[in-house]
Amino acid sequence: MVRWVGPFRIVEIRSHSFVIERLLTGDHHEVHGTRLKFYEDSSVDVAEEMLDHISPQGILLAVDKLLKLRFHIATKQWKVLVSWQGLQDNENSWEPLSSLLHGIPKMVREYATAAGDAKFDNQFDNPS
Numbered sequence: 001m002v003r004w005v006g007p008f009r010i011v012e013i014r015s016h017s018f019v020i021e022r023l024l025t026g027d028h029h030e031v032h033g034t035r036l037k038f039y040e041d042s043s044v045d046v047a048e049e050m051l052d053h054i055s056p057q058g059i060l061l062a063v064d065k066l067l068k069l070r071f072h073i074a075t076k077q078w079k080v081l082v083s084w085q086g087l088q089d090n091e092n093s094w095e096p097l098s099s100l101l102h103g104i105p106k107m108v109r110e111y112a113t114a115a116g117d118a119k120f121d122n123q124f125d126n127p128s
């Protein structure tokens, strides 16, 4: 069950997340925009036009760091465990190496070098 706490104020807007400040304590936390619940009072007019504008907007996530790698035998693919900016650890996900090489090639290659796995390194010519 989700429990909303607050109040918070947005103190920094990042490309894929926000830094919020808890007004009662001054503590700062990085969160994804989907984790925010906006304050609304009777003076705010949520018109149908506004709802139509925001409803089709997708969620864009940014990679925080790469955590682990594994070879998925069933799909014959390397997968990388990804930590996402502004999301909790339980929302980390296994993503195909081929997708990550397309989107964040430098970060993946740096991770591969640090991991030191020759079998993984060989996949850069054939990431599927």
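Under full-length UniProt numbering, the first residue of the sequence shown carries the number 1, and numbering increases by one thereafter. No residue lacks a Cβ here, since even glycine has one placed at the ideal position from N, Cα and C. Keep in mind the model is a prediction, meaning the values are calculated, not measured.
Could you check the C-alpha separation between residue i and residue j for me, to the nearest Å?
i       : j       : result
Asn-92  : Glu-12  : 23 angstroms
Gly-116 : Asp-89  : 24 angstroms
Met-107 : Arg-35  : 26 angstroms
Arg-70  : Gly-103 : 19 angstroms
Gly-33  : Val-19  : 10 angstroms
Lys-68  : Ser-15  : 24 angstroms
Ala-112 : Ser-98  : 13 angstroms
Val-82  : Ala-118 : 20 angstroms
Leu-66  : Lys-37  : 28 angstroms
Gly-86  : Arg-9   : 16 angstroms
Leu-61  : Ala-114 : 24 angstroms
Run through DSSP, which three-state label would residue i get?
i       : result
Met-1   : Because Met-1 sits at a pLDDT of 32, beneath the cut-off of 50, its placement in the model cannot be relied upon, and the following sentence gives the value as read from the coordinates. It is coil, neither helix nor strand.
His-72  : strand
Lys-37  : coil
Met-50  : Reliability of the predicted coordinates at Met-50 is poor, the pLDDT of 45 falling under 50, and no value is obtained from them.
His-102 : helix
Leu-66  : strand
Asp-89  : helix
Which residues share a DSSP beta bridge with residue i?
i      : result
His-16 : None; His-16 has no bridge partner.
Leu-61 : Its beta-bridge partners do not exist; DSSP assigns none.
Gln-77 : His-72
Glu-21 : Arg-9 and His-28
Glu-95 : Val-80
Could you give the C-beta distance for residue i and residue j, rounded to a whole number, given that I count them as a contact under 8 angstroms?
i       : j      : result
Val-63  : Trp-84 : 7 angstroms
Pro-105 : Lys-79 : Contact doesn't hold; Cβ gap of about 16 angstroms is too wide.
- Decide yes or no for the touch test of the stretch 23-38 against the stretch 72-80: beta carbon pairs closer than 8 angstroms, at least 3 of them. no
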